[in-house]
Amino acid sequence: MTDVDLTGARRVATFAPDLLQSTEHHLCPGCGHPVAWRLLVEVLAELELVDRSIGVVGHGCYTQIITIADVEFLQCLHGRAPAVATGVKRMLPEHAIYTIQGDGDMVSEGLAEVLHAAARGESITCLMLNNGVFGDTGGQMTAATTVGQRTKTDLGGRTAAEHGHPIDVPEIVASFPGVAYVARGAVDKPNAVARTRRYLREAFASQLAGEGFSLVEVLTMCPTGWAVPTDQGAQYQRDQMNPTFPIGELRPRRPSAVAAPQDA
Amino acid sequence: MTDVDLTGARRVATFAPDLLQSTEHHLCPGCGHPVAWRLLVEVLAELELVDRSIGVVGHGCYTQIITIADVEFLQCLHGRAPAVATGVKRMLPEHAIYTIQGDGDMVSEGLAEVLHAAARGESITCLMLNNGVFGDTGGQMTAATTVGQRTKTDLGGRTAAEHGHPIDVPEIVASFPGVAYVARGAVDKPNAVARTRRYLREAFASQLAGEGFSLVEVLTMCPTGWAVPTDQGAQYQRDQMNPTFPIGELRPRRPSAVAAPQDA
Amino acid sequence: MTARGTVVMALDRCKGCGLCVPVCRPGALEMTDERNAKGYVLPQLLDGCTGCRACAEVCPDFVFEVYRFDIGPAELTGSMMEVVE
Amino acid sequence: MTARGTVVMALDRCKGCGLCVPVCRPGALEMTDERNAKGYVLPQLLDGCTGCRACAEVCPDFVFEVYRFDIGPAELTGSMMEVVE
Amino acid sequence: MTLVLREGYDAIAAAAVDCGCRFFSGYPMLPFTGLLDSFARELPRTGGVLIQADTEIEGANMALGAAATGARAATGSTGQGIALMQETIAEAALNELPLVVFNVARGQQDYFQATRGGGWGDYRTITLAPASVVEAAELTTLAFELADEWMTPVILYADHMIGFTQMTIEQRPADAVKPAPEKPWKLDGRSGGTGRSKVIWTWRQGKHNTPGPGPNLHWQNVAEKYELAQREARHVARDVDDAEVVVVSFGTTAAFVDYVVDELRADGHRIGTFRPVTLWPFPSDALGEIVLGDACKVVLVHELNAGQMIDDVRLAVEGAKPVHAIGGVSQDESGMRQGDLLQIDIIRTRLLDAMTGSTR
Amino acid sequence: MTLVLREGYDAIAAAAVDCGCRFFSGYPMLPFTGLLDSFARELPRTGGVLIQADTEIEGANMALGAAATGARAATGSTGQGIALMQETIAEAALNELPLVVFNVARGQQDYFQATRGGGWGDYRTITLAPASVVEAAELTTLAFELADEWMTPVILYADHMIGFTQMTIEQRPADAVKPAPEKPWKLDGRSGGTGRSKVIWTWRQGKHNTPGPGPNLHWQNVAEKYELAQREARHVARDVDDAEVVVVSFGTTAAFVDYVVDELRADGHRIGTFRPVTLWPFPSDALGEIVLGDACKVVLVHELNAGQMIDDVRLAVEGAKPVHAIGGVSQDESGMRQGDLLQIDIIRTRLLDAMTGSTR
Amino acid sequence: MTDDRRDVIFTGIGGQGVQLCSKVLANAAVAAGHHVMLSSYFGGEMRGGRTEATVITRDQPVDLPPIVPRLDALIVLHPAFLDDALPRLVAAPLIVADTWAWTDPSNPPPPARVVPVPAREIAADLGMPVAAGLALVGAFVALTGVADDAALATATRQLVPPHRAAALEANLAALTAGADAVRGTPVGIGS
Amino acid sequence: MTDDRRDVIFTGIGGQGVQLCSKVLANAAVAAGHHVMLSSYFGGEMRGGRTEATVITRDQPVDLPPIVPRLDALIVLHPAFLDDALPRLVAAPLIVADTWAWTDPSNPPPPARVVPVPAREIAADLGMPVAAGLALVGAFVALTGVADDAALATATRQLVPPHRAAALEANLAALTAGADAVRGTPVGIGS
Ligand SMILES: Cc1ncc(C[n+]2csc(CCOP(=O)(O)OP(=O)(O)O)c2C)c(N)n1
Ligand SMILES: Cc1ncc(C[n+]2csc(CCOP(=O)(O)OP(=O)(O)O)c2C)c(N)n1
Ligand code: SF4
Ligand code: SF4
Ligand code: SF4
Ligand code: SF4
Ligand code: SF4
Ligand code: SF4
Ligand SMILES: [Mg+2]
Ligand SMILES: [Mg+2]
């Protein structure tokens, strides 16, 4: 611990939220996932959901959150989290039920699950940590890898001719009528982090208000999978991913949403 | 056979295309599928693809085409036709490879398959015969049933509150960069039939020209699943389905498509 | 009235759905109480057929063969021709 | 220069990624050649910290605790506060 | 006691709801679809939830999620759809989640699928195979009870004949609906923030504060649990005490075999039948005991498949007596129903032939 | 003969491409991913196609489609991903499509999955289980040959140890690449319009002009074919002639068992080993013959699972000699690799304990 | 004394209401306190296809396979698929047949007891041709005593939706007329 | 006469190049005409974690399990995980160790033959600390004759990419220096 004089100092940021049982994790240097974890548990605490939330977690590097965050988790099969969360939510309709998935988990293996849940207008929140690679299996291309992005599959960068184009799940679901809220954030710089926190807050709020399905994508750095130095991960993401996946609210909450029934 | 005087008459329409080994089938009275079959084999004949096409066919009432149309078929697992067709196409890149699927097959069970194939820009043509029900299992709601549509699941009509909203696969894939051609036709009246024939022709032409993925949806009547009298099927479709799924080209072929490479 | 067209109907395979009737603009088709061996009620041809092929386009059971009298006797084989929209 | 803020760093868990350095607007952080027990190179705090929390917001390894001198000693507990955009 | 006439589908769904099933999800497939319809009718009376899922995999995972909250939950399909659920069924087993899976099968070819699975890891699924509508209802209740007791997926292996046949069953009393038992391990969110918050996952590595046993130990424990569950083996034996010929068959096929065997017995043949009610655990001890008796000369196996249960019969008999297959692949022309080998004349002929052969 | 050093993954992929494999599709999963990478390197040299699929189900179905055109095609995953392919593998079997499936497994718990499947209908998959890198390459070639000969899916059951180990294998000659054999049933479009156009589907109902046998007959034929395929059983027996103790194990585990048994034999113990190379068809006759010999007193089964292959051993032994399990669930702390029961000291102790027990 | 043959198979074609008839009989037997098993066979989607149903009535729980191999009674609504049904009968069955539908009195041979009922005429008189089957059910019940009139009426009321009151009345009338047509028919073997 | 102990396990920590060293040795043995088996173990993602590799050399095809239970030689790049490696050695192993890394000469006891090589110094002199392991490989090859110098050089060239020519030269030099350091070391039992 660095030694500094704290006389007269007011603490404005703790190391980590109380809801993390440990500050140690095994993710790589420069990985973007842990910041997303922090935001998630901060928002759960802020909205007083700590003892009435269940996270349904897919398979990827982010899965490690289930070993340190002090909330309940159901680790489920790769790609199936939105279906599992549906079953959980229907039995616990007053709870905040959310998924944590990666781009590989949601856009590759689990594409049907998330789209069907969104079309049903299922009252769950899906969180996608998008680094454009299967980090956990070594950094291969996923169905969300942007054209030109370096992956283990193609260190020269994805080419559309050989591998096609990425699928933009948030954009697709934002157009679904049963969907209450969709946003895309990032954790590459402080204001992106702050916006992402707000998006998560909105998403959970919309779920609690019974407005329908919500989804927040968070762009996260994977310097390992991209084969870039850790300190260039943030910039690489901005240059390579943000143009295809711009940050912002793709579907803001409707002001009337709480009042109006969603049926046609 | 009705007895008419054909002296001086010129035949302008045969009973059925030569490519049908039989004009008998077991589909219900008023079913829309057989007309789509006819259009398909007409276009295959017209484009001289009869001996270099393979149809990969899903599970639904339309599957019966494999027993009467005189072209090669691979009947595959429910929902998986776009993946199977991908394997076929990669081994026979000069052939016309297409799928025949229903809305249940493509939008319910096979949603991931068709979207992943479209995103890859796979050079295949997917044909979806959309009647908004699982005809073959008795007329239940699918992921493409329009709100208000009668199905066995809910004879009062689908409600968004209980079942959510239909997924518009053609609209989704029309926005994918690797996609060459997307259109939606119908068979409820002669000019819809004629347009659908043109759409099929365009789709196959785009595949042969190597422009990318193509998809043609055809709205077909299922009076049995909808529990409407057969002679009201066409009108029911126009009133109930067309507003949600309007007929037309969702993604016309790009004039430059043949020349320009699709890579970024 | 001189017939401009006519149809040959393979009514043994008709399933009585009635889809052909409303698409016939001149109203040359109507359903009857007659039934075929399968028990389906059948359409019948009235006067006024123009040989427009609309019935053949929509019939799910391949019941119609369509003829025109207005043009020479050249025979069309294979695929059905396009309806001009 | 009077310090407006400072940070306490749990450098034992730092992984040397360097993400904290460019987000520190006053340039109060820089990487060094020092390594921790795990073998990772470490950042160090220079003068000029404003207590803006940017480093804490982006650090994936929960290394930073941030303090400000400019306001009273009220302690913030629990969740981190929002950075004003 | 009031009798009511019920279709098998309805009888199963009613029994499930009566014993506290609150969630059902499935995807249409014949002949399973009938059960989906019945659950849709039955669940609302206790406020339960029915979801017509968009795929079998989603349906199974929804039910798994519901089960994780402690609710009695079920899914189902026919064998082919259940093939798609193998990963999920294994997940439920290794997560020790009670999940009831209904296979309304197209025949008897799913024996291996049910008893050996195609999932991953060392797991088993208790499998109950009713021979009639009445028994299907009883075993449905048992399925939920065993699932909870052993914290495991349980398969109820029925077929279209059970689904479509109507039989009189006892009208359930007004207070039939029993709440599912309390489950301390269930997720309800409430452990969040306590420092000992729950996590369910197949690797059981626990959390920083509360480390779990890890995969090796956990999976060993699960395997041992299934060893213990062997005691749940159930069977029905008819007329075996003096039987020279013991015929083994399961499910509805056994009802046909019993019919023929009753006739043969009436004709003076010393023949009896053995029907496993649990396909897993297979009632090996019970069968072994019968077969080891002096009376038994030969064991015949009638199953409508290429020879699947016969492995378990042979494993039980251990070479003590000859074991012969008299069944085989038998499907009707639609591919959806059992075929000729259910005809009693054929069964009779095959039994007589095998008996002659064996006593030669 | 030139020797080259090759990692197992590369050796398998090279052997596959050499014998004409032109298509591979798979979805990343450890430790299968290494094989996907190797195929990506090897396939281009013959113009073959590699698709990194977006799901296991898509990967398997792509390979099935490629196989239907007559091309040698393969897919793969680890056991859990292969659970997702069960429906597809059954489809390939019932469609008689040659499809090679590589299971780079996390251990030995996929024996039931490989030999009994979790698909639908009566089908089998020939399953080859190599014990070394060199054998993995040889069996890869055999897998494609058997798939074509028997028109069936064939599983090659390998593991991470085979994948990651490098061994010297013979450099293949320049003309190693063999074209796949001609397949008259393959789809190539050309029968279209002939009035006898081809159609492939599991129900085999044919077309109006060319009716097929229908599901019952077709599935009976398939079942009979698998009966015939029993003759493909292969095994390796070591020092069994005078062995009082015969140890049965498969895959890489067998290499460890052999090592210990060699030591014990050097110490004077009359012990030998039996390794099924084909898990299905299990070499029952060969094992039965050895076990029926006078020398054999006891059969020990070492497998790293809760007891799966032991069923096949018991079915082969038919109670003639006692059969004991000495293996068990054994996983490392990551859950991804085999655990302690590969340690030779443990194997030695278990063997000696079991031998003492059995000769008491 | 009533006829004790009551393991009955209905044979007819699609559209004749075989399913309703078998349900009425089955539910009436239940209302009369019996254990019952009802199995149906629909011959597919085609109008006019083979349709069958079997109703088993017992005083003990039914212990039979779902497709009952041997039956001792037959109700004939239409002769088209008689050849499928006849082989399933025991040697001395009770056969209740619409008079027009029973054209070959030599098949099956005695000791079968064949009771023709002018069901078509009864139904035509009631202005409801589709009720012919119920006239046969009424006759069968009267012959066998498998249920009483009250149970029959209750079952019919349950199965015919209240909004089809007119149909209900005709159905009830058909049952009664069928019963009346056979009252007094001697019990026993032979037609 | 060369030492015939050649079933060797490398032990070291992440970052020392254990994998490269084992590959150089294995490929050199192949180039020298031997049958070889090479297995590696990486201790996870952490820098400084346990890293091991085993190289088996035979004149016949190797018939051993992939994790070779008993080895008769050890190359020590770092002592951190020595306790994992030592139990796998036979009673009389050959041990080639970086001098600094071999601090407890009493373990294992004789008849082990321990050959210390000043590999760290050799590598430092070459300006390439990471080449220390290759000095040990050079020494091991010189002691055992499992490959000749040419084979060693060929293998190294194959494994070090051409665009890293500078590294290549240092690596080759380290191999030679390591060999030189042990030439003349007597063969046999005892350290
Ligand atoms: C059915 C199945 N297939 C494959 C895997 C292997 N697998 C583990 S994590 C993972 C993907 C990780 O990608 P992503 O979700 O993007 O997470 P990241 O590691 O990039 O954070 C895969 C493919 C699996 N666990 N299950
Ligand atoms: C894996 C699987 N699940 C379910 C089924 C049952 N099934 C057969 S056809 C069908 C759907 C038919 O719907 P659609 O594709 O819309 O075709 P339609 O019959 O409406 O023309 C289903 C669910 C199946 N064959 N396979
Ligand atoms: S591989 Fe990528 S996603 Fe996984 S921990 Fe490392 S940086 Fe993070
Ligand atoms: S059920 Fe519907 S889709 Fe199927 S044949 Fe009948 S009308 Fe056509
Ligand atoms: S559309 Fe065809 S099937 Fe329908 S009524 Fe007319 S002729 Fe008959
Ligand atoms: S051809 Fe045209 S005008 Fe003639 S009957 Fe048909 S629809 Fe009518
Ligand atoms: S961001 Fe955190 S982990 Fe990275 S260098 Fe800075 S303090 Fe260390
Ligand atoms: S709090 Fe702000 S100013 Fe202080 S070190 Fe962190 S980023 Fe720099
Ligand atoms: Mg990712
Ligand atoms: Mg449909």
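Protein chains in written order, with the numbering used here: chain A, 1058 to 1321; chain B, 1058 to 1321; chain C, 632 to 716; chain D, 632 to 716; chain E, 37 to 396; chain F, 37 to 396; chain G, 1163 to 1353; chain H, 1163 to 1353. Just so it is clear, CB atoms sit at the ideal spot from N, CA and C, and this is done for glycine as well. Computed from a prediction, not measured in an experiment: that's the story for all the values here.
Checklist entry - Taking C-alpha atoms, which residue in LEU178/E, GLY304/E, VAL169/E lies nearest to VAL137/E? => result To locate residue 137/E, count along the fifth sequence from 1; it is residue 101. Of the listed residues, the one whose Cα sits closest to VAL137/E is LEU178/E.
Checklist entry - Any chance the CB of GLY650/C is under 7 Å from a heavy atom of ligand 6? => result Walking along the third sequence from the start, residue 650/C turns up at place 19. A small fix is needed here, since residue 650/C is Leu in this sequence, not Gly. False, no ligand heavy atom lies under 7 Å from that Cβ.
Checklist entry - Going along chain B, which residues have a C-beta under 7 Å from LEU66/E? => result To locate residue 66/E, count along the fifth sequence from 1; it is residue 30. Simply THR1194.
Item to check | PRO64/F versus GLY1136/B: straight-line alpha-carbon distance, rounded | outcome: Taking the first residue of the sixth sequence as 1, we reach residue 64/F at position 28. Taking the first residue of the second sequence as 1, we reach residue 1136/B at position 79. One C-alpha to the other measures close to 22 Å.
Item to check | Bridge partners - ALA1153/B, DSSP secondary structure assignment | outcome: Your numbering for residue 1153/B matches position 96 in the second sequence. In the DSSP output, where bridge partners are listed per residue, ALA1153/B has SER1110/B.
Checklist entry - What does the shell around ligand 9 hold, if a residue joins when its beta-carbon is under 7 Å from any heavy atom? => result GLY1117/A, GLY1159/A, ASP1160/A, GLY1161/A, LEU1186/A, ASN1187/A, ASN1188/A, GLY1189/A, VAL1190/A, PHE1191/A, GLY1192/A, THR1199/A, CYS1279/A
Next on the checklist: Quick check on ASP90/F: does DSSP put it in helix, strand or coil?
Outcome noted: Locating residue 90/F in the sixth sequence gives position 54, where the first residue counts as 1. Here ASP90/F sits in coil by DSSP.
Checklist entry - Is it the case that the CB of PHE1072/B approaches a heavy atom of ligand 6 more closely than 7 Å? => result Within the second sequence, numbered from 1, the residue matching residue 1072/B stands at position 15. Not under cutoff, so the answer is no.
Next on the checklist: Following a CB-centred definition, is THR663/D positioned closer than 7 Å to any heavy atom of ligand 8?
Outcome noted: Within the fourth sequence, residue 663/D is the residue found at index 32, counting from 1. Not under cutoff, so the answer is no.
Next on the checklist: Nearer than 7 Å: is that true of the beta carbon of ASP692/C relative to any heavy atom of ligand 5?
Outcome noted: Walking along the third sequence from the start, residue 692/C turns up at place 61. For ligand 5, at least one heavy atom lies less than 7 Å from the Cβ of ASP692/C.
Next on the checklist: For ALA1297/G and CYS1133/A, I'd like the C-alpha separation in whole angstroms.
Outcome noted: The count along the seventh sequence starts at 1 and reaches residue 1297/G at position 135. The count along the first sequence starts at 1 and reaches residue 1133/A at position 76. In a straight line, the C-alpha of ALA1297/G is about 60 Å away from that of CYS1133/A.
Checklist entry - Can you list, in chain order, the stretches of the beta strand (DSSP E) that have 3 or more residues and sit fully within the stretch 1189-1220 of chain G? => result 1197-1204, 1212-1220
Next on the checklist: Judging by CA-CA distance, which residue of TRP255/E, ILE326/E, GLY308/E, PRO220/E is the nearest neighbour of GLU127/E?
Outcome noted: As a position in the fifth sequence, residue 127/E is number 91, starting the count at 1. That would be TRP255/E, whose Cα lies nearest to the Cα of GLU127/E.
Checklist entry - With 8 Å set as the bound, which would you pick, yes or no: does the beta-carbon of ASP46/E sit closer than that to a beta-carbon of chain B? => result The residue given as residue 46/E occupies position 10 in the fifth sequence. Answer no: the Cβ-Cβ gap between ASP46/E and chain B never drops below 8 Å.
Checklist entry - Does any residue of chain B bring its CB to less than 8 Å from the CB of VAL235/F? => result The sequence position of residue 235/F within the sixth sequence is 199, counting from 1. Yes, because at least one Cβ of chain B sits closer than 8 Å to the Cβ of VAL235/F.
Item to check | Where GLY343/E falls, given that 16 or more other Cβ within 10 Å makes a residue buried | outcome: Within the fifth sequence, numbered from 1, the residue matching residue 343/E stands at position 307. Classification of GLY343/E: buried, given that the 10 Å Cβ count is 16 or more.
Item to check | Option nearest GLU1099/A by Cα separation, candidates CYS1085/A, GLY1087/A, ASP1127/A, THR1182/A | outcome: For the purposes of this step, residue 1099/A is identified with residue 42 of the first sequence, where counting begins at 1. Answer by Cα proximity: ASP1127/A.
Item to check | Residues of the stretch 1165-1182 of chain A with Cβ closer than 7 Å to any Cβ of chain B, in chain order | outcome: LEU1168, ALA1169, LEU1172, HIS1173, ALA1176, ARG1177, GLY1178
Checklist entry - Using a Cβ cut-off of 7 Å, which residues of the stretch 1229-1256 of chain A contact any Cβ in chain E, in chain order? => result none
Next on the checklist: Suppose contacts are defined by Cβ-Cβ distances below 8 Å. Is PRO317/F in contact with ALA356/F by that definition?
Outcome noted: One-based indexing of the sixth sequence puts residue 317/F at position 281. One-based indexing of the sixth sequence puts residue 356/F at position 320. No, Cβ-Cβ distance for PRO317/F and ALA356/F is not below 8 Å.
Checklist entry - Assuming LEU1084/A contacts PRO1091/A under a Cβ cut-off of 8 Å, what Cβ separation, rounded to an integer in Å, is found between them? => result Along the first sequence, read from residue 1 onward, the residue named residue 1084/A stands at position 27. Along the first sequence, read from residue 1 onward, the residue named residue 1091/A stands at position 34. Confirmed, Cβ separation roughly 6 Å.
Item to check | SER227/F, DSSP secondary structure in three states | outcome: As a position in the sixth sequence, residue 227/F is number 191, starting the count at 1. Here SER227/F sits in coil by DSSP.
Next on the checklist: Please tell me whether, using a cut-off of 7 Å, the distance from the CB of GLY1179/G to the nearest non-hydrogen atom of ligand 2 is below it.
Outcome noted: Here the question's residue 1179/G lines up with position 17 in the seventh sequence. No, since every heavy atom of ligand 2 falls outside the 7 Å radius drawn around the Cβ of GLY1179/G.
Item to check | Spatial neighbours of ALA291/F in its chain, beta-carbon cut-off 6 Å, leaving aside the 5 residues before and after | outcome: The residue labelled residue 291/F in the question sits at position 255 within the sixth sequence. Same-chain partners within the cutoff: ALA167.
Checklist entry - Which bits of chain B does GLN241/F rub up against, with CB to CB less than 9 Å? => result Translated into the one-based positions of the sixth sequence, residue 241/F becomes position 205. Neighbours of GLN241/F on chain B, chain order: ILE1123, THR1124.
Next on the checklist: Distance cutoff 8 Å, beta carbons only. Does ASP90/E sit that close to anything in chain B?
Outcome noted: Indexing the fifth sequence from 1 puts residue 90/E at position 54. Output row for ASP90/E: interface = yes.
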